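Right, one structure below, let's go through it.
2 protein chains.
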Amino acid sequence: MTKPLLQLALDHTSLPEALEAVKVLHPYIDIIESGTILCVSEGMKAVRELRTLYPDHILVCDLKVADAGEMLANEAFNAGANWMTVICAAPLATMASAQKVAAARNCEIQIELFGHWTIEDAKEWVKLGITQAIYHRGRDAQASGQTWGQKDLDLMKQLSDVGIQLSVTGGITPEDLHLFCDISVKAFIAGRALAQAPDPAESIDAIWGE
Amino acid sequence: MTKPLLQLALDHTSLPEALEAVKVLHPYIDIIESGTILCVSEGMKAVRELRTLYPDHILVCDLKVADAGEMLANEAFNAGANWMTVICAAPLATMASAQKVAAARNCEIQIELFGHWTIEDAKEWVKLGITQAIYHRGRDAQASGQTWGQKDLDLMKQLSDVGIQLSVTGGITPEDLHLFCDISVKAFIAGRALAQAPDPAESIDAIWGE
Numbered sequence: 356m357t358k359p360l361l362q363l364a365l366d367h368t369s370l371p372e373a374l375e376a377v378k379v380l381h382p383y384i385d386i387i388e389s390g391t392i393l394c395v396s397e398g399m400k401a402v403r404e405l406r407t408l409y410p411d412h413i414l415v416c417d418l419k420v421a422d423a424g425e426m427l428a429n430e431a432f433n434a435g436a437n438w439m440t441v442i443c444a445a446p447l448a449t450m451a452s453a454q455k456v457a458a459a460r461n462c463e464i465q466i467e468l469f470g471h472w473t474i475e476d477a478k479e480w481v482k483l484g485i486t487q488a489i490y491h492r493g494r495d496a497q498a499s500g501q502t503w504g505q506k507d508l509d510l511m512k513q514l515s516d517v518g519i520q521l522s523v524t525g526g527i528t529p530e531d532l533h534l535f536c537d538i539s540v541k542a543f544i545a546g547r548a549l550a551q552a553p554d555p556a557e558s559i560d561a562i563w564g565e
Numbered sequence: 356m357t358k359p360l361l362q363l364a365l366d367h368t369s370l371p372e373a374l375e376a377v378k379v380l381h382p383y384i385d386i387i388e389s390g391t392i393l394c395v396s397e398g399m400k401a402v403r404e405l406r407t408l409y410p411d412h413i414l415v416c417d418l419k420v421a422d423a424g425e426m427l428a429n430e431a432f433n434a435g436a437n438w439m440t441v442i443c444a445a446p447l448a449t450m451a452s453a454q455k456v457a458a459a460r461n462c463e464i465q466i467e468l469f470g471h472w473t474i475e476d477a478k479e480w481v482k483l484g485i486t487q488a489i490y491h492r493g494r495d496a497q498a499s500g501q502t503w504g505q506k507d508l509d510l511m512k513q514l515s516d517v518g519i520q521l522s523v524t525g526g527i528t529p530e531d532l533h534l535f536c537d538i539s540v541k542a543f544i545a546g547r548a549l550a551q552a553p554d555p556a557e558s559i560d561a562i563w564g565e
């Protein structure tokens with residue numbers, strides 16, 4: 356498979372701290388994500404500043420939109436994002452309105468997979484023109500001990516088969532990477548593992564298994 | 356039933372415009388909501404300014420949290436919110452961590468009902484100590500023609516019966532109000548209908564059916 360991209364998730368509450376992390380790591384990454392926490396804390400100022408400082412990186416605005424797809428897509432893309440996340444529980448109408456804004460600007464919507472969803476839902480997303488989703492163990496699920504299992508991998512394979520490219524996140528270690536070899540992985544997303552690493556370059560090599 | 360509270364949803368992208376709307380309407384409302392769009396656009400500055408200007412109103416931070424419950428609850432409540440919304444698709448672990456922060460501060464979590472959820476889910480929320488939810492036709496669903504129907508009312512009644520108080524929103528007209536008489540309605544939420552009304556006081560009387 357094509358070598359997946361590497362995405363740095365900025366889950367800081369302070370924009371200066373987030374910018375400090377990107378300053379160190381930007382040569383090693385393909386995608387910068389303004390995480391939900393950063394967006395909530397600082398608003399679209401965070402996305403605007405990241406776009407100004409890093410004009411050539413793919414920039415993700417992780418809003419996990421649940422309603423008002425058109426308005427929030429305009430907010431995110433006006434601020435300079437290339438991709439914006441919509442939560443899988445959002446009504447199809449919300450996904451459609453966000454996707455319409457995205458498509459008109461050569462931007463993309465990513466569906467954030469959380470809680471209840473089915474492969475039938477995924478087929479509907481593809482019909483709308485949405486071909487990216489984010490698969491993860493969430494922060495809280497991770498903290499409560501859930502791990503990558505065959506059930507996750509089977510679901511990811513099914514999503515790949517209906518035409519969804521996946522970005523994968525949630526405490527991925529180098530030992531986990533082989534698990535994803537049959538799956539259409541667009542990007543691996545790392546947050547604290549990179550941002551807090553004493554030697555980020557070494558951590559990135561570890562993530563790529565190089 | 357007790358007279359429900361009236362909540363003004365601020366769905367502006369500009370904080371000055373939102374503050375202008377509250378300035379006119381605050382004497383008539385019980386609850387001020389910093390809507391998702393306002394939170395996204397301006398960050399927690401919006402909540403902080405509303406708290407400073409209106410110390411006695413209930414203040415809702417409508418983040419529709421899907422992960423990182425503890426961090427986002429701290430963000431919202433540190434900024435001065437009394438209530439924060441969590442999306443129904445969030446993992447129970449997220450709801451639990453948000454609720455723990457809320458309970459320790461005498462604040463409350465509201466579950467935002469969107470997409471797939473069941474009454475069994477609602478019973479789990481109540482077990483966590485969460486007793487509020489928001490029931491609505493979303494902006495996009497509304498635009499695509501969905502209306503209040505018996506199915507909505509039956510679901511709301513079932514939620515009431517398991518101990519969930521509901522805030523209800525989504526293009527409610529005075530003619531709709533009688534539909535909610537069997538339901539434990541905590542608040543009616545109005546946004547554009549109030550904020551853009553030529554005579555807000557008259558609109559409020561209309562909403563209350565007075």
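Chains as they are written, first to last, in our numbering: chain A, 356 to 565; chain B, 356 to 565.
Glycine included, every Cβ here is placed at the ideal spot set by N, Cα and C.
Note that the structure is a prediction, hence the values are computed from the model and not measured.
Under 8 Å by beta carbon: chain A residues contacting B:C443: Correct list: A444 and G470.
Could you have a look at B:H367 and say whether DSSP puts it in helix, strand or coil? Coil.
Using the rule of at least 16 other Cβ atoms within 10 Å of the residue's Cβ for burial, across every protein chain shown, is B:A457 buried or exposed? Burial call: buried.
Are A:H503 and A:Q465 touching if we call contact CB-CB under 8 Å? A small correction: the amino acid at residue 503 of chain A is Trp; His does not occupy that position in the sequence shown. The answer is no: Cβ separation not under 8 Å.
Does any heavy atom of the ligand MN sit closer than 7 Å to the C-beta of A:F535? In the structure on display, the ligand MN does not appear, and there are no ligands present to speak of.
Whole-angstrom distance between A:G518 and A:L483, CA atom to CA atom: A:L483 and A:G518 have their C-alpha atoms spaced approximately 12 Å apart.
For B:F535, name the three-state secondary structure that DSSP assigns. B:F535: helix per DSSP, three-state reduction.
For A:A421 and B:E467, believed in contact at Cβ under 8 Å, the rounded distance: Between A:A421 and B:E467 the Cβ distance is about 7 Å, and since that is below 8 Å, they are a contact.
Do the stretch 364–378 of chain A and the stretch 373–380 of chain B meet, that is, are 3 or more Cβ pairs less than 8 Å apart? With a cut-off of 8 Å, the stretch 373–380 of chain B and the stretch 364–378 of chain A do not count as touching, because too few Cβ pairs lie within range.
Comparing C-alpha positions only, which one of B:E388, B:P555 and B:V395 sits nearest to B:R406? The option with the nearest alpha carbon to B:R406 is B:E388.
How big is the Cα-Cα spacing for B:G390 and B:L408? Each residue's CA atom was taken as its position, placing B:G390 and B:L408 some 17 Å apart.
Residue of B:H491, B:P359, B:L532 and B:L365 minimising C-alpha distance to B:L393: Among B:H491, B:P359, B:L532 and B:L365, the Cα nearest to that of B:L393 is on B:L365.
So what does DSSP say about A:M439, is it helix, strand or coil? Strand, per DSSP.
Check the Cβ of A:S522 against every Cβ in chain B and list those closer than 7 Å, keeping chain order. Correct list: empty, because the minimum Cβ distance to chain B is about 15 Å.
Go to A:E339, then tell me how far its beta strand (DSSP E) extends in each direction, as first and last residue. Summary: the structure shown does not reach residue 339 of chain A, with chain A confined to residues 356 through 565, and so no result is reported for it.
What three-state label does DSSP hand B:E565 in the structure shown? Confidence at B:E565 is low in this model, with a pLDDT of 49, below 50, so its placement is unreliable and no value can be given for it.
Decide if B:P446 is buried, meaning its Cβ has at least 16 other Cβ atoms within 10 Å, or exposed. By the neighbour-count rule (16 or more Cβ atoms within 10 Å), B:P446 is buried.
Rounded distance between the beta-carbons of B:Q362 and B:V415, thought under 8 Å: Their Cβ separation, rounded to whole angstroms, is 7 Å, which keeps B:V415 and B:Q362 in contact under 8 Å.
Pick helix, strand or coil for B:D560, following the three-state DSSP scheme. B:D560: helix per DSSP, three-state reduction.
Can you round the beta-carbon distance between B:V395 and A:E530 to whole angstroms, since I take them to be within the 8 Å contact cut? Their Cβ separation, rounded to whole angstroms, is 37 Å, which puts B:V395 and A:E530 out of contact at 8 Å.
Considering A:I474, what are the terminal residues of the alpha helix (DSSP H) in which it resides? Counting along the chain, the alpha helix (DSSP H) containing A:I474 begins and ends at I474 to L483.
Return the Cβ separation of B:K541 and B:L360 in integer angstroms, given the expectation that the two are a contact with Cβ distance under 8 Å. Their Cβ separation, rounded to whole angstroms, is 6 Å, which keeps B:K541 and B:L360 in contact under 8 Å.
Cα-Cα separation, B:A488 to A:M511: About 32 Å.
By Cβ distance, which residues of its chain are closer than 6 Å to A:A434, with the 5 residues on each side in sequence left out? In chain order, M399, V402 and R403 place their CB closer than 6 Å to the CB of A:A434, counting only its own chain and leaving out the 5 sequence neighbours on each side.
Using alpha carbons as the reference points, say which of B:Q520, B:S558 and B:D411 lies closest to B:W480. Selected option, being the one with the closest Cα: B:Q520.
To the nearest angstrom, report how far apart B:P410 and B:D560 are at their CA atoms. Approximately 25 Å, taken between the alpha carbons.
Check whether the Cβ of B:E565 lies closer than 8 Å to any Cβ atom in chain A. Note that B:E565 scores a pLDDT of 49, beneath 50, so its modelled location is shaky; the value from the coordinates is reported in the next line. No, B:E565 does not count as interfacial toward chain A.
Using the Cα positions of B:T486 and A:Y383, report the straight-line distance between them to the nearest angstrom. As the crow flies, the alpha-carbon of B:T486 is around 46 Å from that of A:Y383.
Who are the neighbours of A:E467 on chain B, taking C-beta pairs under 8 Å? Going along chain B in sequence order, the residues near A:E467 (Cβ under 8 Å) are A421.
Beta-carbon spacing of B:D514, B:A453 below 8 Å: One detail in the question is off: residue 514 of chain B reads as Leu in this sequence, not Asp. Against a cut-off of 8 Å, the Cβ pair of B:A453 and B:L514 comes out as no contact.
Since A:I544 and B:A444 should fall inside the 8 Å C-beta cutoff, what is the C-beta to C-beta distance between them, to a whole number of angstroms? The pair is not a contact, with the Cβ atoms about 19 Å apart (cut-off 8 Å).
Compare the C-beta of B:M399 against all C-beta atoms of chain A and say whether one is closer than 8 Å. It does: the Cβ of B:M399 has a partner Cβ on chain A nearer than 8 Å.
For A:G525 versus A:H471, is the C-beta spacing smaller than 8 Å? Judged by beta-carbon spacing, A:H471 lies beyond the 8 Å limit of A:G525, meaning their Cβ atoms are not closer than that value.
DSSP beta-bridge partners for A:H491? Note: A:H491 is bridge-paired with A:T524 in the DSSP secondary-structure output.
Can a CB atom of chain A be found closer than 8 Å to the CB of B:E430? Closer than 8 Å: yes.
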